[in-house]
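**Student:**
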Amino acid sequence: MKWINGFYLTCIFLCATLSTSATEHERWFHAADSLFRDGNWFEASILYERSYYTSTDARGRILANLAKVEAMKEMGEFSRARRDLQRSVTFRGDDTLRKELLYQLALCAYLEGDAAGARSFLLQIEHGFEKLPGHRTFLLNGLVIIDEQRWDELKPHLDRWFQETNVTSELRDDYLHALDLLVMELGGVPSPRDPDRARMWSTFIPGTGQFYAGSAGWGVLNAFSQLAALSGFGLLVWNGYYIAGVFAGLGPFQSLYFGGIRQAGTLAEQNNKSRLDEFQTALKRFLLNVAAHQKQ
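Heads up: the sequence shown begins at 193 in our numbering, then just goes up one per residue.
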């Protein structure tokens, strides 16, 4: 049903003329608002687009574009929303709308996974306007800092956030102390384990590469399995079962040995990502809690 409605709305959009009055532009906009409130984001996005093209002034087009982006974000279409915003990036008529446009571009870039792109738009906000950015811009900038692993910049950024948003010195000190405690509880900034070093350790001493990678259980299992296979080979050869010893003992040992080397490197990469994700998630949750308290 959703796509049928979208088809009809698209047909209306394509068949109608663009030389319409401001009243018609507002009618399309209000109709889209109604659809948006009802959760019909796909249909709303089409009518916002209609409103964009029927608007006779730049401000109306910007408002329609921003409203359409909200509908697209609800659908998770961050890449498309970012592309739609790009057509309005040259707008200069209103600083408030211009700042909102850049913020939405930064947010869509961040949600799309492009932290560097988000940072470029945030820098334009910081250096392009006299009035300082608000809480949400500081929050997004902090999230970008965490994603880009610029750990040394996080605490100064948080300090500036509090100073620029008139947080009391006592509360600012409490927040900064809480950040220090959180980093200590997490064991500090995670230091990555070198996958090549993990493989090297397992090459010379089976199981130690897994220990180095942070997976002691896999290290014990791999070392014990190789020892058992090698012992089985020796026992079979001792009793004169040479061929059986090769296939039942030496073959599994060789497989476990080289497999253990590969596994050590893979575990190092996986554990690096896991510890980094856990660290970043905890810091992001901290920033989100700070932003929530600031709004109260």
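Just so you know, even glycine gets a beta-carbon here, dropped at the ideal spot from N, CA and C.
Are the CB atoms of Leu479 and Leu335 within a distance shorter than 8 Å?
**Tutor:** Translated into positions along the sequence shown, residue 335 becomes position 143. Translated into positions along the sequence shown, residue 479 becomes position 287. For Leu335 and Leu479, yes; Cβs fall inside 8 Å.
**Student:** Buried or exposed: which applies to Glu470, given that a residue is buried once 16 or more other Cβ atoms fall within 10 Å of its Cβ?
**Tutor:** To locate residue 470, count along the sequence shown from 1; it is residue 278. Glu470 should be labelled exposed.
**Student:** Return the residue from the list Lys487, Tyr240 and Ala408 that minimises the CA-CA distance to Glu218.
**Tutor:** Residue 218 sits at position 26 when you count from the first residue of the sequence shown. Cα-wise, what sits closest to Glu218 is Tyr240.
**Student:** Cα separation between Asp365 and Glu266?
**Tutor:** In the sequence shown, the residue the question calls residue 365 occupies position 173. In the sequence shown, the residue the question calls residue 266 occupies position 74. Roughly 37 Å separates the two Cα atoms.
**Student:** Count the other CB atoms within 10 Å of the CB of Ala308; is the residue buried (16 or more) or exposed (fewer)?
**Tutor:** As a working mapping, residue 308 is identified with position 116 in the sequence shown. Exposed, because fewer than 16 other Cβ atoms sit within 10 Å of the Cβ of Ala308.
**Student:** What whole-angstrom Cβ distance do Lys368 and Leu350 have, given they're in contact under 8 Å?
**Tutor:** For the purposes of this step, residue 368 is taken as the residue at position 176 of the sequence shown. For the purposes of this step, residue 350 is taken as the residue at position 158 of the sequence shown. The amino acid at residue 368 is misidentified as Lys; the sequence shows Leu. Contact flag correct, Cβ pair sits at about 7 Å.
**Student:** In this structure, does DSSP put Ser213 in helix, strand or coil?
**Tutor:** In the sequence shown, residue 213 corresponds to position 21, counting from 1. Residue placement at Ser213 is flagged as unreliable, the pLDDT there being 49, under the threshold of 50; the coordinate-derived value follows with that caveat. Reduced to three states, the DSSP call for Ser213 is coil.
**Student:** For His319 and Ala310, I'd like the C-alpha separation in whole angstroms.
**Tutor:** To locate residue 319, count along the sequence shown from 1; it is residue 127. To locate residue 310, count along the sequence shown from 1; it is residue 118. Roughly 14 Å between the two C-alpha positions.
**Student:** Nearest to Ser417 by CA position, among Leu442, Ser312, Glu345 and Tyr404, is which residue?
**Tutor:** As a working note, residue 417 is residue 225 in the sequence shown. Nearest option by C-alpha distance: Leu442.
**Student:** Whose C-alpha, out of Trp233, Pro348 and Asn358, is nearest the C-alpha of Gly326?
**Tutor:** Along the sequence shown, one-based indexing puts residue 326 at 134. The option with the nearest alpha carbon to Gly326 is Asn358.
**Student:** Please state whether the Cβ-Cβ distance between Gln462 and Asn414 is less than 8 Å.
**Tutor:** Position 270 of the sequence shown holds residue 462. Position 222 of the sequence shown holds residue 414. Taking 8 Å as the Cβ cut-off, Gln462 and Asn414 do not qualify as a contacting pair.
**Student:** When we look at the beta-carbon of Ile338 and count the other beta-carbons within 10 Å, is it buried (16 or more) or exposed?
**Tutor:** Taking the first residue of the sequence shown as position 1, residue 338 is located at position 146. Classification for Ile338: buried.
**Student:** In the structure shown, what three-state DSSP assignment does Gly498 receive?
**Tutor:** Since the first and last residues shown for the chain are 193 and 488, residue 498 lies out of range.
**Student:** State the DSSP-derived secondary structure class of Ser383, mapped to helix, strand or coil.
**Tutor:** Walking along the sequence shown from the start, residue 383 turns up at place 191. Ser383: coil per DSSP, three-state reduction.
**Student:** Restricting to Cα atoms, I'd like to know which of Arg328, Ser237, Tyr244 and Ile453 is closest to Glu216.
**Tutor:** Your numbering for residue 216 matches position 24 in the sequence shown. The shortest C-alpha separation from Glu216 is found at Tyr244.
**Student:** Considering only residues of the same chain and omitting the five flanking positions on each side of Asp286, which have a CB-CB separation below 8 Å?
**Tutor:** Taking the first residue of the sequence shown as position 1, residue 286 is located at position 94. For Asp286, where only same-chain residues beyond five positions count, the Cβ hits under 8 Å are Arg251 and Ile254.
**Student:** Quick one: give me the first and last residue of the alpha helix (DSSP H) that Asp286 is part of.
**Tutor:** Here residue 286 is taken as the residue at index 94 of the sequence shown, counted from 1. No alpha helix (DSSP H) contains Asp286, which DSSP labels as neither H nor E.
**Student:** Whole angstroms is fine: what's the gap from Pro398's alpha carbon to Pro387's?
**Tutor:** Position 206 of the sequence shown, counted from the first residue, corresponds to residue 398. Position 195 of the sequence shown, counted from the first residue, corresponds to residue 387. Approximately 15 Å between the Cα atoms of the pair.
**Student:** Would you mind working out which of Leu363, Trp410 and Pro444 sits nearest Ala424, comparing C-alpha positions?
**Tutor:** As a position in the sequence shown, residue 424 is number 232, starting the count at 1. In the sequence under discussion, the amino acid at residue 424 is Gly, which differs from the Ala named in the question. Gly424 has its Cα closest to that of Pro444, out of Leu363, Trp410 and Pro444.
**Student:** Could you tell me the alpha carbon to alpha carbon distance between Phe495 and Gln472, rounded to whole angstroms?
**Tutor:** For the chain, the structure presents residues 193 to 488; residue 495 sits outside this window and is missing.
**Student:** Nearest-angstrom Cα distance between Gly426 and Phe439?
**Tutor:** For the purposes of this step, residue 426 is identified with residue 234 of the sequence shown, where counting begins at 1. For the purposes of this step, residue 439 is identified with residue 247 of the sequence shown, where counting begins at 1. Straight-line Cα distance between these residues: approximately 12 Å.
**Student:** Between the alpha carbons of Thr212 and Ser247, how many angstroms are there, rounded?
**Tutor:** Numbered from 1 along the sequence shown, position 20 holds the residue referred to as residue 212. Numbered from 1 along the sequence shown, position 55 holds the residue referred to as residue 247. In this predicted model, Thr212 has a pLDDT of only 45, less than 50, meaning its place in the structure is not dependable; the value taken from the coordinates is given anyway. Roughly 8 Å between the two C-alpha positions.
**Student:** Hey, out of Gln355, Gly452 and Gln446, whose CA is closest to Gly401's CA?
**Tutor:** Within the sequence shown, residue 401 is the residue found at index 209, counting from 1. Ranking Gln355, Gly452 and Gln446 by Cα distance to Gly401 puts Gly452 first.
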